[in-house]
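Every number in my numbering is 4 more than the matching position in the sequence shown, counting from 1.
For each residue, glycine too, the CB sits at the ideal point set by N, CA and C.
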Amino acid sequence: SASDEDRALTRLITDETDRIVSLVDRMEVFSDERPIDRYPVNIHVVLDHVKAIAKNGFAKKIKILEDYDPSLPPVFANRDQLIQVFLNLVKNAAEAIGSDPHGEIVLSTAFRPGIRVSVPGTQDRVSLPLEFCVRDNGSGVSEDILPILFDPFITTKPNGSGLGLALVAKIVGEHGGIIECDSTPRATTFRVLMPAWKETALGADQDGEGDRK
Ligand SMILES: Nc1ncnc2c1ncn2[C@@H]1O[C@H](COP(=O)(O)OP(=O)(O)OP(=O)(O)O)[C@@H](O)[C@H]1O
Ligand SMILES: [Mg+2]
């Protein structure tokens, strides 16, 4: 029974409410402190899954190339969370390319045994030999947001929430990995470094000797 003018305003209110509800839903994951369920994961299965989602939805017209090291050992991770990481990175790459017909996204994996990083607050250095990259030849990350790129609510998009990379950073950090970005116009790379899965990481007993050594 509302007038046309009131109906338009009511629609505005319900649309905004829906938008805020979905924003709050997405923020909820940031307060989830439960330990992650981790096991050996084949990263190429994860990347192929992300590629299939992208090609069937937001990146229908964008070329997605693979440059995989097929002998890569498994990553010690949670599969669903890794899918979220690479989905967010590939979605950003597709959005940076837009409708450019020469747009291209490259997914690459490599083994870099020499990479060790120090653990903050300790003398320890951990090895992060697995490198996964998402590269695109889109617009490039705007220079003024580079230093705060992984902070929540940083966005240059009219309808962006700025939560995509914050979630990526949270998941990678909780897996003991690191993420870096290197960007110039037409060449943006997001590089994820992760620990490899070792039997000893789970205390697995491979030689049948138990713990008596
Ligand atoms: N591959 C990329 N090329 C260029 N700019 C990028 C790229 N990835 C991220 N950015 C920049 O970083 C900002 C933050 O990205 P983030 O994914 O956190 O949020 P968003 O994409 O704006 O919104 P949301 O992911 O929540 O929908 C983007 O708005 C964009 O300006
Ligand atoms: Mg995003």
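Original post:
Three or more beta-carbon pairs under 8 Å between the region 106-115 and the region 133-142, yes or no?
Top reply: Counting Cβ pairs under 8 Å, three or more are found: they touch.
Subject >> For residue 27 and residue 12, the rounded distance between their alpha carbons >> reply: Rounded to the nearest angstrom, the two C-alpha atoms are 23 Å apart.
**OP:** With a cut-off of 8 Å on the beta carbons, I'd call residue 178 and residue 195 a contact; round off their distance for me.
**Re:** Rounded, the Cβ-Cβ distance is 18 Å, inconsistent with contact.
Subject >> Shell residues, 7 Å Cβ cut-off relative to heavy atoms of ligand 1 >> reply: Every residue passing the under-7 Å Cβ criterion appears here: 92, 95, 96, 97, 99, 100, 140, 142, 143, 144, 145, 146, 149, 153, 158, 159, 160, 161, 164, 165, 166, 167, 168, 169, 170, 187, 192 and 194.
Subject >> Neighbourhood of residue 149 by C-beta, 6 Å cutoff - its chain only, sequence neighbours within 5 removed >> reply: The residues are 158.
**OP:** Express the C-alpha separation of residue 160 and residue 133 in angstroms, rounding to a whole number.
**Re:** If you take the alpha carbons of residue 133 and residue 160, they lie about 33 Å apart.
Original post:
In terms of residue numbering, what span does the alpha helix (DSSP H) encompassing residue 134 cover?
Top reply: No alpha helix (DSSP H) contains residue 134, which is instead part of the beta strand (DSSP E) from 134-140.
**OP:** Could you tell me whether the Cβ atoms of residue 33 and residue 153 are closer together than 8 Å?
**Re:** Between residue 33 and residue 153, the gap from beta carbon to beta carbon reaches 8 Å or more.
Original post:
Considering only C-alpha positions, which residue in the set 180, 103 and 9 is nearest to residue 39?
Top reply: Measuring from the Cα of residue 39, the nearest candidate turns out to be 180.
Original post:
Taking the alpha-carbon positions, what's the residue 107 to residue 189 distance?
Top reply: Spanning the two alpha carbons is a distance of roughly 12 Å.
Original post:
Is residue 193 helix, strand or coil by DSSP?
Top reply: In the structure shown, residue 193 falls within a strand segment according to DSSP collapsed to helix, strand and coil.
Subject >> DSSP state of residue 158 mapped onto helix, strand, coil >> reply: Residue state, collapsed to three classes: coil.
Original post:
What residues in its chain sit with their C-beta under 7 Å from that of residue 59, if we drop five residues either side in the sequence?
Top reply: The answer, listed in chain order, is 68.
Original post:
Over what stretch of residues does the alpha helix (DSSP H) that includes residue 65 continue unbroken?
Top reply: No residue range can be given for residue 65, since it is assigned to no alpha helix (DSSP H) and is classified by DSSP as neither H nor E.
**OP:** Measure the C-alpha to C-alpha separation of residue 85 and residue 5 and round it to an integer number of angstroms.
**Re:** Residue 85 and residue 5: Cα-Cα distance of roughly 47 Å.
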